[in-house]
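Chains as they are written, first to last, in full-length UniProt numbering: chain Z, 1 to 337; chain P, 1 to 337; chain A, 1 to 337; chain W, 1 to 337.
There are 4 protein chains.
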Amino acid sequence: MTSDITTDTSPAFDPENPAATIEAMAHRCSNWGRWGEDDVHGTLNFLDDGARVRAAQLVTTGQTFSLAQPFNAEGPQKGWRRRTNPVHTMTDTGLDAEYGDQGFPFGFGGADDVIAMPLQCSTQWDGLGHIFDHGRAWNGRRAGGVVTSEGDQVTGIETAADRIVGRAVLLDAGRALAGELGLEYSELPDGFALTPDLLDRIIDQQGVSSQVGRGDILLVRTGQYSRARREGWGDYAGGAAPGLSFRSAPWLHDREIAAIATDTWGFEVRPTELNGAFQPLHQIVIPHMGLYIGEMWNLDDLAEYCARTGRYEAFLVAAPLPVTGAVGSPVNPIAVV
Amino acid sequence: MTSDITTDTSPAFDPENPAATIEAMAHRCSNWGRWGEDDVHGTLNFLDDGARVRAAQLVTTGQTFSLAQPFNAEGPQKGWRRRTNPVHTMTDTGLDAEYGDQGFPFGFGGADDVIAMPLQCSTQWDGLGHIFDHGRAWNGRRAGGVVTSEGDQVTGIETAADRIVGRAVLLDAGRALAGELGLEYSELPDGFALTPDLLDRIIDQQGVSSQVGRGDILLVRTGQYSRARREGWGDYAGGAAPGLSFRSAPWLHDREIAAIATDTWGFEVRPTELNGAFQPLHQIVIPHMGLYIGEMWNLDDLAEYCARTGRYEAFLVAAPLPVTGAVGSPVNPIAVV
Amino acid sequence: MTSDITTDTSPAFDPENPAATIEAMAHRCSNWGRWGEDDVHGTLNFLDDGARVRAAQLVTTGQTFSLAQPFNAEGPQKGWRRRTNPVHTMTDTGLDAEYGDQGFPFGFGGADDVIAMPLQCSTQWDGLGHIFDHGRAWNGRRAGGVVTSEGDQVTGIETAADRIVGRAVLLDAGRALAGELGLEYSELPDGFALTPDLLDRIIDQQGVSSQVGRGDILLVRTGQYSRARREGWGDYAGGAAPGLSFRSAPWLHDREIAAIATDTWGFEVRPTELNGAFQPLHQIVIPHMGLYIGEMWNLDDLAEYCARTGRYEAFLVAAPLPVTGAVGSPVNPIAVV
Amino acid sequence: MTSDITTDTSPAFDPENPAATIEAMAHRCSNWGRWGEDDVHGTLNFLDDGARVRAAQLVTTGQTFSLAQPFNAEGPQKGWRRRTNPVHTMTDTGLDAEYGDQGFPFGFGGADDVIAMPLQCSTQWDGLGHIFDHGRAWNGRRAGGVVTSEGDQVTGIETAADRIVGRAVLLDAGRALAGELGLEYSELPDGFALTPDLLDRIIDQQGVSSQVGRGDILLVRTGQYSRARREGWGDYAGGAAPGLSFRSAPWLHDREIAAIATDTWGFEVRPTELNGAFQPLHQIVIPHMGLYIGEMWNLDDLAEYCARTGRYEAFLVAAPLPVTGAVGSPVNPIAVV
């Protein structure tokens, strides 16, 4: 049913020639200049107030789902690129209040806390300044002119503070493909690539509420997080994973989605399909397409609800913490149905 | 119109006898045991799915408002109780990507960042483990049994991860009272106490969309943040401020609101009305009432909208970052109208 | 030659009865009250100015050795008890200076940096408030009266700011015992316990410069750090390790050393010799003996020098960073010979 | 008596032409290439083992002085360039140990802590990568090739880990000049510039132990820290201060000192003597001369000792924490006399 959008204009795909393949795909999927030279919002431009009104009408039961993983020291990070798990510490506790040295009058006592964490250590948004291609950031800007040690001075995550509110569509790839793949759990194996054909097939299988179009926030559940919860993190942070195929870039581009989020560390399949590349799909969709990517989301509870009801859409509010100049942000996304 | 709720059972109020006044008010406003011995949600219990469905129906234009202040080094904190402003630093930048030593292939480049901050340094929720009275936390629990150096092990902010979604009502006290107080700006002076009578008067003046009832999230704009933006922070973090009167506790209690948030550092009036007390209203509403308090919210843009349209209600999603065991959380609250 | 100090008064040692064994040893090795009720220095009292003058006279070549491991993200920590490796980030760089947006006049440019780290993530001193036994801290004080969320308010590491300056003696256990143990490298295997007899034997073997007495700072090289450098960290932070035997407590006590440091994470042998205990030697020497413990020191270069020259003593300055109220401190110990 | 070193070849000094004055001084004082193209140590090359042996012989009483200020939240930082005071927090306390939820057996209890801080928030060394002139770092290297977001990859502070050990000479400028300036306290006023003539006069006045020569570590006490301790920090961190005159650069250069440290935030006089410049003396001595600068040292106790004994020299060990790639480091300098 989504077949009216053609993806057969995909550029040549040569796993042995990553440089040329990436360049061709960047050209194919570029949105540079689409919203003017000064644009800082990228694909969030597809999401307008009218879409938000329609999305709010999806609320029929009032049930809410937090799509965040817990933020704590037990997270998946292992120190790569200085990414630790959150270090949350107390500056005052109930024990101190009982002990009575807090200096407050009339029985008043308090607890207080601080945190130190990478902005992308757990459930997060990638900002548009997070990834560059050949020294170019979103909309063709010079990378060094966008993100300095002062942070992202053009497309900092604060530019999205009030924007990521709209219709979410869940593609539960793990569940939809479990049968044909003969999976024990509704979880795709590591290294499994979600190609355009598979995305279309999942939509067909899930039914009409799964149609993906302009301004939608696409949620893709691979099941890897479910597996990590059952079996331990392993290499969840940076290792092999199921995810979007590099070939899905035109599909994502042509549907004019506002954002995409998955339950994996890096959204795209790993190992990558292009020999020797790092995250080639990131390299396309962030700097060239201007797409917001959510990573390490917890889609399990929402997926259960969707499977039970057959409704795969929700009203989503996923507001990043407006840290000035940040290239990413922790987020507690809320889906309301 | 809200006069059907009686507040004349308020206990004796003696500024010269804070201890007795606090104790009587705690007794008057206690919700201990109301939702069972094991309750961890406090007044969020008033906010149910039905209320959320009705709240979603308030979305008619799709316009969104971020109610967060910027999170950056220019914030109001001065180091009290080790509360600094956020320290946001980059671990990789666009300049590094251009320089070419990031070690990625095929032109891939990235920026990444970390943050260190108190959880209550800017726009925030106070969790139920944040304040104690005489060694007692929410629902009568022993403070030291709730919050240790491991964090809040009972009422940590993660318990509210999916709950703070509902109808918000804005009481724009600064604007509503500007005329009778002869204010140059729609900003209450520091030390101005919002008593029950004044709250009722504001509701009457703003009209029917301002009615406050069970499960609502009450937003009170004093105007102090507008003043800080114009004149500089001064003692915004911890100094004198307009805010809720200690006497408003029964009013807040009887209306069965789910939460309250203001545009000031500490929600209640400072200096306090009780001689020598610190934050006596906190001492009532958090441990005894179980009320969620939002502080340092930016209500200015929403207030402009409300003043222009005469509609003072919105659909609000204000999901805390689910830091396990945190006694507070930064938040980017989103109002949708 | 150190046989004039008797250790045969060691209490009963029963691996199957850790509680009683720990209690007896605590009694045997206690220094509570030895330097008065108000003492905060513990065994550092053994180190006086006269000893420092004699120690300075050991400087004959002017050669210096830094006994610190590198402080960086590649360290051994894995997150246990929220202990990460140091997260060092730049707030300004040379690339930014070149880019020219730093705002300084006349060609001035700068780089600046911040760090977030556990105080005991790398080469360190344990302060006297780091370990308790049955709720008692050094000198018999109530643990909760010493260390609150405000830090160690009695024996904070700042009390040792100017004190850890004196004679160091290196016992290179890995090298001394390599022959009789048939080791390929001069590195003791994990789980190897250094008992009093072995310590005496090492001293005899190394010769007269190794004699250990009052006020000395004892350095014990097991070789585990050398192994970690060759083979990777593995479980260096918290796993099995060679180290001081629980039975060495009286030996350490009776020699009246000022401090001890090793090249391992935890100074004492692991797994512990007492069934089910955690770090029983810590439990004796910190709260009962008042002994300063250095951990994760890099003794390799100094050991090479000592082996080459046959001199196993040096002038040592190992000044903790005086973080007010800290229960430990990173340190860059300097040995001068 | 130090008059045998001529400084009359100082370049033209024109406060109204900072650019030319800085350039001429850079040329006058450059050490680029002096120790080879690959040098990373700068003036620390002047400090050799022979000097260290002589310095150790200065130890005659064994008395030690910690020259560090306290590291805590009460420090002078106000947030400029994201420089906060240290945030030291506990991850476990004695209260927790007493409470009994730490999970350790047999009465074992522990306290642990973490810190987040700028590396230059309190007593510190500036590394050679801290300051650039016209995009050039020490020894003429490209600034961006030295310090990236990965840190200083050439002259990181770890290169000085075992080097800053030698003879310190204290010039107590505040005390020496108090008489002729008619000062109430032995503290120079803010804005007071220590020119070469004054430095020579102080040395003459203090006597022979104050002679400054090759490899010495020069300590200059202005008295500003004493004033801050008495009157409060005020603008200690970044405001007006007494300090070294820009004109002292040739004096510092020609004496071939290894390092210099003062009791002020920025070592050089502020406001600067060059109209509109920021820290022009830094701009000369770090990138061109390769000089290590210590700032915010506490020289008061040592100064008392020196005044009392008439001896102004000591054995100094001031080992930076070897944070890999850091452009500065906190330090607890120890003087032994």
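The beta carbon of each residue, even a glycine, is placed where N, CA and C say it ideally should be.
Asked, Found
"Terminal residues of the alpha helix (DSSP H) in which L181 of chain P lies", "173 to 181"
"CA-to-CA distance, S122 of chain A to A116 of chain A, given in whole angstroms", "13 Å"
"Given A143 of chain W as reference, the closest of A:T148, A:F108, A:I157, A:D152 once Cα atoms are compared", "A:F108"
"Separation of H130 of chain W from L321 of chain W, as counted between CA atoms", "15 Å"
"Proximity of V169 of chain W and E304 of chain W at Cβ, strictly below 7 Å", "no"
"Cross-chain neighbours of A73 of chain Z in chain A, by beta carbon under 8 Å", "G79, R82"
"Limits of the beta strand (DSSP E) - the one that R221 of chain W falls within", "217 to 221"
"Beta-carbon proximity check, Q224 of chain A vs A240 of chain A, cutoff 7 Å", "no"
"Under the three-state DSSP convention, the category V146 of chain Z falls into", "helix"
"Beta carbon proximity, E295 of chain Z to chain P, threshold 7 Å", "no"
"Enclosing beta strand (DSSP E) for P118 of chain W [first to last residue]", "112 to 118"
"Where the alpha helix (DSSP H) containing E304 of chain A begins and where it ends", "300 to 309"
"Segments of 3+ residues assigned as beta strand (DSSP E) that fall wholly inside the segment 20 to 72 of chain P", "64 to 66"
"Alpha carbon of S3 of chain W to alpha carbon of L244 of chain W, nearest angstrom", "Caution applies to S3 of chain W, whose pLDDT of 42 falls short of 50 and renders its modelled position unreliable; the value that the coordinates give is listed next. The straight-line gap from Cα to Cα measures roughly 19 Å."
"Cα-Cα separation between P330 of chain Z and L67 of chain Z, rounded to whole angstroms", "12 Å"
"Any 3 or more C-beta pairs closer than 8 Å across the segment 164 to 178 of chain A and the segment 210 to 226 of chain A", "yes"
"Buried/exposed call for V327 of chain W, threshold 16 Cβ in 10 Å", "buried"
"Cβ contact (3+ pairs, closer than 8 Å) linking the segment 47 to 56 of chain Z and the segment 281 to 298 of chain Z", "no"
"Chain W contact for T195 of chain Z (CB, 7 Å cutoff)", "no"
"In DSSP terms, what W251 of chain A is bridged to", "BP columns for W251 of chain A are empty, so no partner."
"Closer than 6 Å: P242 of chain A CB and nearest the ligand FAD heavy atom", "Among the components modelled here there is no ligand, and therefore nothing to report on the ligand FAD."
"Chain A contacts from the segment 21 to 46 of chain W (Cβ-Cβ distance under 7 Å)", "I22"
"Coarse secondary structure for A259 of chain W, derived from DSSP in three states", "strand"
"I164 of chain W versus R82 of chain Z - alpha carbon distance", "29 Å"
"Continuous beta strand (DSSP E) stretch holding E124 of chain W: start and end", "Note that residue 124 of chain W is Gln in the sequence shown, not Glu. Looking at the DSSP string, the run of the beta strand (DSSP E) that includes Q124 of chain W is 124 to 126."
"Under the three-state DSSP convention, the category V336 of chain A falls into", "strand"
"Interface residues of chain A facing V146 of chain W [CB-CB closer than 7 Å]", "G94"
"Cβ of V87 of chain P within 7 Å of any chain W Cβ", "yes"
"Paired residues, beta bridge with V313 of chain A - DSSP", "According to the sequence displayed, residue 313 of chain A carries Glu and not Val. According to DSSP, E313 of chain A bridges with A:V169."
"Residue(s) in a DSSP beta bridge with Y292 of chain Z", "Z:A259"
"Test item: CB-CB of L291 of chain Z and T43 of chain Z under 7 Å", "yes"
"Reduced DSSP secondary structure (H/G/I, E/B, other) of L244 of chain A", "strand"
"Assumed close pair G156 of chain P, T324 of chain P - CB separation to whole angstroms, cut-off 8 Å", "6 Å"
"Nearest to P271 of chain A (by Cα), restricted to the options A:Q69, A:D190, A:R136", "A:D190"
"Validate contact between the segment 258 to 272 of chain A and the segment 229 to 238 of chain A using beta carbons, cut 8 Å, 3 pairs", "yes"
"Helix, strand or coil at A193 of chain W [DSSP, three-state]", "strand"
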